[in-house]
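In this note's numbering, the protein residues as written are 226 to 455. Remarks on the structure that follows.
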Amino acid sequence: MYEKFLINFNKTFIHEGRYKLFLTGIKNTVIIAFFATLIGIAIGLLVAVIRYSAKNNKKLYILDKICSLYVTIIRGTPVVVQLMILYYTVFSNMDNSVLIAIITFGINSGAYVAEIARAGIDSIDKGQMEAGLSLGLNSNKTMFLIILPQAIKNILPALGNEFIALLKETSVVGFVPVIDLTNAGNIIRSRTFDPFFSLYTVAIGYLIMVLGMGVIQKKLERRLSQSDRN
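Below, the structure is given as structure tokens:
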């Protein structure tokens, strides 16, 4: 039993330097999730501002409907389908599959961040907008200088949860030629014909990344609560 354990361990990690495939998978998983989250935050905040501002600005009516359609389509279709559409049709001539994955998950994340951000903006007292206007700021400057910073502070924990969710959602990126952590485990499992080490390594890898992000998120929340008290 012990000898078989060592043989399978060697086949999974040591032979042909297969542990490097796991490291590559972890690296790509973190890169995709991190940059996709940044794109998602940028898109989400923009969509949220447009949809919020459209309530009092008829000029934004068409943009508001476009943003609403975007959120509906993205939230109503599986991310793996979105990934394959972008990879095999929209960016079929692009060789960088990691970049395509980042764009796909960024667009997907943006729809969810938009709803989070809109709730954050709605949570800010309406008097803040009136105060900004009374100081001589126009509605756009008031939004970006007064309302949005407070909203972002309020939704920061939710944005951290979005990153964690996105980190796990990237496990489907193997449907296109990207070596993420899950795909690395599948490749090694197909070579060793032993699912034990490869699958448990994948599970532990995701768990460590999620727990690590959870620690960072809690530290940020503590700092925010301390700054509020000060």
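Glycine included, each C-beta is placed from N, C-alpha and C at the ideal position.
Annotation for threonine 262: the continuous alpha helix (DSSP H) segment containing it runs 244-278. Distance between aspartate 320 and valine 401, taken at the CA atoms: about 11 Å. Two segments are said to touch when three or more pairs of C-beta atoms, one from each, lie closer than 8 Å; by this definition the stretch 420-434 does not touch the stretch 372-386. Here DSSP, grouped into helix, strand and coil, assigns valine 338 to helix.
Setting aside the 5 residues that flank it on each side, isoleucine 239 has no residue in the same chain whose C-beta is closer than 6 Å to its C-beta. Your pair valine 397 and valine 338 does not check out as a contact, with CB atoms roughly 19 Å apart and the cut at 8 Å. Three or more beta-carbon pairs separated by less than 8 Å are not found between the stretch 350-367 and the stretch 293-301, which leaves the two stretches without contact.
One alpha carbon belongs to alanine 336, the other to isoleucine 328, and they sit about 13 Å apart. Within its own chain, the residues whose Cβ lies closer than 7 Å to the Cβ of leucine 311, once the five positions on either side in sequence are excluded, are Ile325, Ile328 and Thr329, listed in chain order. Within the stretch 369-450, the runs of alpha helix (DSSP H) that reach at least 4 residues and sit entirely inside it are, in chain order, 373-394 and 406-417.
The three-state secondary structure of lysine 366, taken from DSSP, is helix.
Asparagine 235 is classed as exposed because its beta carbon has fewer than 16 other beta carbons within 10 Å across all chains shown. In the three-state DSSP reduction, leucine 288 falls in the helix class (H, G or I).
For isoleucine 310, the enclosing alpha helix (DSSP H) begins and ends at 304-310.
Leaving aside the five residues that flank asparagine 333 on each side, the residues in its chain whose CB is nearer than 7 Å to its CB run, in chain order, Ile299, Val304 and Gln307.
Exposure of asparagine 281 is indicated by the presence of fewer than 16 other C-beta atoms within 10 angstroms of its C-beta. In this structure the stretch 403-413 does not lie against the stretch 348-359, because fewer than three pairs of beta carbons, one per stretch, are closer than 8 Å. Here methionine 354 carries a helix assignment [DSSP, helix/strand/coil]. Take isoleucine 257, set aside five residues on each side of it, and the residues of its chain with a beta-carbon closer than 8 Å to its own are Val323, Ala326, Ile327, Phe330, Thr395, Val398, Val403 and Asp405, in chain order. Looking only at Leu392, Arg448 and Gly357, the smallest Cα-Cα distance to valine 255 is reached by Leu392.
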